[in-house]
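Please read the structure below before turning to the comments.
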Amino acid sequence: MVEIKLSEALARGLINLGIKRIYGVIGTTVLNFYDALYEYKNEIKQITVRKENVAISAADAEYRTTKKPAAAVVHAGGGFLNSLTGLGIAMKDRSRLLLITGSVKRRLKNTDSWLEVDQEGLSKALNLYHYYVESPDVFVEKFEKAMIDLFYGNPKPVVLEIPEDIWDKKINIDENNFPNISYEKEENVNEEDVKRVKEEILKSNKPLILVSNEVNFENSRSYIYELSEITDSYILTTGNARGICEEDHPRCIGRVGYGGGSLYADNALKSTDYLLVFGEGFDDITTYGFNLTPSESIVVISNDPSSELRPSYYETIKADPLVFLKELVNQLKRDTKNKKINDQWKKEIEKYKNDWDNLIKQTLKRKYRDAVNPALFFSKLNDALKRNRIIIGGQGTHVLYTYDYMKVYEFGGFMAATNLGSMGFALPAAIGAKISNPDREVIAIIGDGEALMSIEALQTIKDENLDVKIIIVNDNSYRVLYLKQLINKSNRIYGTELNNPDFAKLAESFGIRGIKISRDEEIDNSIKEILANGPIVVDLITSRDDMPPTNTEMVLKMDQT
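In this text, residue positions in the sequence shown follow UniProt numbering: the first is 1, and each later residue adds one.
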């Protein structure tokens, strides 16, 4: 046993768990923790950001691309409140991260003191668990419990709240075994459930596999491919599961549903006679508010509590979907019966694909005065990038370009605030994605409406010399709402038109290259500039009238029901 300060114990514990960096904003309630981090700066790096939600989303992105939890630190009160949107995004998209927050001195707690808000109460719905360390004596126990939750619990943020007056208190730790988070995860599945699913999918004529974030791990791909080949199935993904299959693989249909799904995928979902869902992703997003659901069998394999809260259009098998997937593939490989290939299903899938591809090709021919055709720009950018690119989408009409024209081929190759739909995520996420994946191209595609919500992230990109490419799709509007007012509100345009700064010059004020593109003829040269070394901001001038291909019929139905 060794006696050290609590702040030092926390730093050591994080290092021992393999956490390599902490994103954060300093404040008086965490000042002593920063002092401890100073002693370990060669082992765990502190990344300074300019707003707390940037720290959270950077840590979130690190987990999404590596499946290793990262950490953020914030000051009590206003600093903590600024982190809540990031926590909500991470919670909704099932990301593991640790938020360390300061707290007021214990003698001032529950006195409505300076900086004091009910941090535990405010964040309760946004995390797996909130641990308040009320005394130095309970730190080791609570830290170890928090780390078990962080690494082995349901994938959500974990919050560790530490009062300002205990950081420098001395505690005893076992330096050879701290933190002790030994945990045996039960990985058994019901063999009869697996056998029944195996028999059902083999009997089906038009099977589909829907892959959700719950199984979006690098080692899942081979099992998904084997399952699809053995059962003559095709693969759909949710937004957060892009990268589980290569989007040019003959079995991979890709993203389905609202906010980025293709008509190709939607038509396949509508036509299937057996949908096998791995994870929590059969939800209102995938189904346009449960308006697009197959008429026949739907089986969901999930441990996520949300899968039991939704309308009962399907059968739920409560199990670890990745373990279930592996066992199902193993049973199928042992089975001597071979599934007969359904040529009609293949032809139907090919027709949906060809129809969609032709629609995409037509959009490349669009012409606009004093504006770029974004379809043409993103199609050419897609062709110029390496296969291991990481695409980060914002929220708005522009996110459709990231689905329609930007392909994803490798694990961790795409992310967005898919399930909360919050603007302001993509730029902070680019920080964590690039820092944890220095050899991969990172492209953040954001709208002008959200660009100023997290523009301070540019300073961290500059400070850390991160080679991040930022594309701002600029149509001077909140276009999703603008189009709704145009179509649904008899052209009563109000609150959706924007005046913007010159984003290229704004980037230059941070010491980052900035370029503006307003004509198709500028696309080729601009892509060369984008691919050059170093961060860049691209002000992509587009027309509000440009509408990326989407399932308009289902979007309207979703709005009306």
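Glycine residues also receive a C-beta, built at the ideal position from the N, C-alpha and C atoms.
With the rule of 3 Cβ pairs closer than 8 Å, the region 419–426 counts as touching the region 79–94. Residue 28 has its alpha-carbon roughly 15 Å from the corresponding atom of residue 52. From the listed residues 153, 26 and 113, the smallest Cα separation to residue 184 is found for 153.
Look at residue 57 here: in three-state DSSP terms it is helix. In the displayed model, residue 416 falls within coil according to three-state DSSP, outside both helix and strand. Burial is judged here by how many other beta carbons sit within 10 angstroms of a residue's own beta carbon; residue 532 has fewer than 16 and is exposed. Just so you know, the alpha carbons of residue 290 and residue 284 end up roughly 5 Å apart. With contacts defined as CB atoms closer than 7 Å, residue 173 and residue 6 fail to qualify as a contacting pair.
Leaving aside the five residues that flank residue 456 on each side, the residues in its chain whose CB is nearer than 6 Å to its CB run, in chain order, 50 and 51. It is roughly 20 Å from the alpha-carbon of residue 108 to the alpha-carbon of residue 123.
Note on residue 156: 16 or more other CB atoms within 10 angstroms of its CB, so buried under the neighbour-count rule. As computed with DSSP, residue 477 is found in a beta bridge with 497.
Residue 278 has 211 and 301 as its beta-bridge partners, per DSSP. For residue 199, the uninterrupted alpha helix (DSSP H) segment begins and ends at 191–203. Under DSSP, residue 509 takes part in no beta bridge, so it has no partner. Inclusion of residue 434 and residue 483 in the CB contact set at 7 Å is not warranted, their separation being larger than that value. Annotation note: the region 319–383 contains the following uninterrupted alpha helix (DSSP H) runs of length 4 or greater, listed N- to C-terminal: 321–334 and 343–363. Straight-line spacing of the CA atoms in residue 500 and residue 76 works out to 33 Å. With a threshold of 16 other beta carbon atoms within 10 Å, residue 341 falls short and is exposed. In the displayed model, residue 103 falls within a strand according to three-state DSSP. Contact between the region 241–255 and the region 210–220 is present: 3 or more CB-CB pairs across the two stretches fall below 8 Å. Here the C-alpha atom of residue 168 lies approximately 7 Å from the C-alpha atom of residue 32. Taking a cut-off of 8 Å on C-beta distances, the region 443–457 touches the region 477–492, as three or more cross pairs fall below it. Counting only the Cα atoms, residue 158 lies some 18 Å from residue 429. Apart from the 5 residues on each side of it in sequence, residue 88 sits with its Cβ closer than 8 Å to the Cβ of 126, 420 and 422 in its chain, given in chain order. Taking the Cα of residue 528 as reference, the smallest distance to any Cα among 3, 377, 40 and 104 is reached at 377.
Taking a 10 Å sphere around the C-beta of residue 402, we find 16 or more other C-beta atoms and assign the residue as buried. With a contact defined as Cβ atoms closer than 8 Å, residue 470 and residue 537 qualify at about 5 Å.
Boundaries of the beta strand (DSSP E) around residue 254: 252–255. Per DSSP, the unbroken alpha helix (DSSP H) holding residue 428 starts and ends at 426–436. For residue 445, the enclosing beta strand (DSSP E) has its first and last residue at 442–447. Under the DSSP assignment, residue 24 falls outside any alpha helix (DSSP H), being part of the beta strand (DSSP E) whose first and last residues are 21–24. In this structure, DSSP gives residue 405 a state outside helix and strand, which the three-state scheme calls coil. According to the DSSP assignment, residue 241 belongs to no beta strand (DSSP E), since it is labelled neither H nor E. Fewer than three pairs of CB atoms, one per stretch, sit closer than 8 Å, so the region 389–398 makes no contact with the region 219–228. In this structure the region 185–203 does not lie against the region 260–267, because fewer than three pairs of beta carbons, one per stretch, are closer than 8 Å.
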